[in-house]
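A.B. asks: The structure's right below; bear with me while I get my questions together.
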């Protein structure tokens with residue numbers, strides 16, 4: 017939605033309150049003649065009690081409820097399908113505009129992470145990613161982003177699951193920074209004490225390197241950052257990530273440095289995501305190159321064994337090759353982890369999310 021919406025001129029349509037963060041709800045309620053504290057009441061009903069019916073919001077005055085019903089509504093998209101992995105990972109599928117997006121729940125001993133999507137499909141066409149290979153339709157609205165969290169919490173409660181969402185990662189379908197305004201607004205709701213109430217260190221945004229948007233993010237919001245690097249030089253990155261032809265590694269890492277300079281959420285360093293592709297980016301020389309380009313970037317490195325998807329020509333690096341690559345980085349002083357892939361059997365692991373997309377736009381580049 018247009019974030020500059022004029023709430024005083026909404027006679028011809030109703031507003032979905034899930035599309036609004038706190039400041040926007042306050043502005044909207046002011047246009048209805050409501051007091052500021054009503055914002056807190058409504059947000060708690062929605063995000064703490066998962067209530068989307070104004071008539072059930074018992075502490076709201078009747079005249080305010082009538083105005084809300086006339087001028088607004090609360091619509092949350094719903095999961096239509098659930099797939100459960102042998103390792104406990106759950107993939108939920110949402111139908112939006114006759115297209116499917118996917119959301120993944122990853123339970124662990126000390127936390128439970130929800131991987132949310134920010135777009136229907138992806139325009140970046142990364143060669144090793146199923147989402148990028150299927151095309152792009154449109155950005156998700158704020159309501160469609162936060163609905164993934166609302167519905168996940170609802171389903172988990174219904175299952176009697178005590179491990180509700182503790183962490184949010186924007187690592188699902190799409191490039192979050194190509195949907196910058198809506199993602200920022202959704203993050204504000206996630207951070208808000210009357211929203212989902214998570215700390216900024218429990219929200220991670222992953223980007224492939226949209227430099228101008230990253231510089232804007234720097235001025236808007238502070239969250240943990242993960243960078244999808246996946247190559248130690250421009251030649252390799254150009255061949256597997258077309259976005260690099262527009263914003264190369266140097267420009268990307270310079271933007272990351274600018275973000276980290278003012279970030280409190282990244283005190284431990286940015287997370288570097290590096291998919292391991294056999295014979296492409298996994299040599300000892302590549303590890304040395306990676307260490308060299310990251311020497312001025314406070315970082316922790318996640319090596320990601322590549323996950324198979326249909327019609328791809330890549331192979332995953334062998335375990336021994338990944339271990340050797342990791343040890344080179346560790347000897348260089350980098351905190352390096354080999355990611356344990358979760359949900360492979362239900363195509364819920366990194367790079368496997370596809371949904372079902374009617375491709376409207378051929379490419380971002």
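In the working numbering, the protein residues as written are 17 to 381.
The beta carbon of each residue, even a glycine, is placed where N, CA and C say it ideally should be.
#1: Beta-carbon within less than 7 Å of residue 377's beta-carbon, same chain only, minus the 5 sequence neighbours each way: which residues are those?
#2: Quick one: Cα of residue 170 to Cα of residue 147, how far?
#3: Please report the distance separating the alpha-carbon of residue 161 from that of residue 271.
#4: Please state the DSSP three-state secondary structure of residue 58.
#5: Which same chain residues end up closer than 6 Å to residue 131 when comparing Cβ atoms and leaving out the 5 residues on each side of it in sequence?
#6: For residue 201, count neighbouring Cβ atoms within 10 angstroms of its own Cβ and tell me buried if that reaches 16, exposed if not.
#7: To which residues of the same chain is residue 58 closer than 6 Å at the C-beta, ignoring the five residues directly before and after it?
#8: Looking only at its own chain, which residues have a Cβ that is under 6 Å from the Cβ of residue 335, when we skip the five neighbours before and after it?
#9: Give, in chain order, every unbroken run of the alpha helix (DSSP H) that is at least 4 residues long and sits entirely within the segment 130 to 207.
#10: Check the DSSP bridge columns for residue 369 and list the partner residues they point to.
#11: Mind checking residue 53: buried by the 16 CB within 10 Å criterion, or exposed?
#12: May I ask which residues mark the beginning and end of the beta strand (DSSP E) holding residue 255?
#13: When you compare only the Cα positions, how much space is there between residue 256 and residue 144?
#14: Quick check on residue 226: does DSSP put it in helix, strand or coil?
#15: CA-CA distance, residue 217 and residue 64?
C.D. replies: Result, derived from the coordinates:
#1: As a working note, residue 377 is residue 361 in the chain shown. Confidence is the limiting factor: at residue 377 the pLDDT is only 46, short of 50, which leaves the residue's position unreliable, though a coordinate-based value still follows. For residue 377, where only same-chain residues beyond five positions count, the Cβ hits under 7 Å are 139 and 152.
#2: Position 154 of the chain shown, counted from the start, is the residue given in the question as residue 170. Position 131 of the chain shown, counted from the start, is the residue given in the question as residue 147. Distance between the alpha carbons of residue 170 and residue 147: 26 Å.
#3: The residue given as residue 161 occupies position 145 in the chain shown. The residue given as residue 271 occupies position 255 in the chain shown. Computed Cα separation, rounded: 26 Å.
#4: Start at 1 with the first residue of the chain shown, and residue 58 comes out as number 42. Note: residue 58 maps to helix in three-state DSSP.
#5: Working through the chain shown from its first residue, we reach residue 131 at position 115. So the list reads 120, 185, 187 and 188, once near-sequence residues are dropped.
#6: Working through the chain shown from its first residue, we reach residue 201 at position 185. The residue in question, residue 201, is buried, as its Cβ has 16 or more Cβ neighbours within 10 Å.
#7: As a working note, residue 58 is residue 42 in the chain shown. If we look at residue 58 and ignore the five residues flanking it on each side, it has no Cβ neighbours.
#8: Taking the chain shown and counting its residues from 1, one reaches residue 335 at position 319. Around residue 335: no qualifying Cβ.
#9: 146 to 149, 158 to 174 and 196 to 207
#10: Here residue 369 refers to the residue found at position 353 of the chain shown. According to DSSP, residue 369 bridges with nothing at all.
#11: Within the chain shown, residue 53 is the residue found at index 37, counting from 1. Per the 10 Å Cβ criterion, exposed.
#12: For the purposes of this step, residue 255 is identified with residue 239 of the chain shown, where counting begins at 1. Taken as a continuous stretch (DSSP letters only), residue 255 belongs to no beta strand (DSSP E), being part of the alpha helix (DSSP H) at 250 to 256.
#13: The sequence position of residue 256 within the chain shown is 240, counting from 1. The sequence position of residue 144 within the chain shown is 128, counting from 1. C-alpha separation (whole angstroms): 7 Å.
#14: Taking the first residue of the chain shown as 1, we reach residue 226 at position 210. Of the three classes helix, strand and coil, the one that applies to residue 226 here is coil, per DSSP.
#15: For the purposes of this step, residue 217 is identified with residue 201 of the chain shown, where counting begins at 1. For the purposes of this step, residue 64 is identified with residue 48 of the chain shown, where counting begins at 1. Taking the straight line from one Cα to the other gives about 20 Å.
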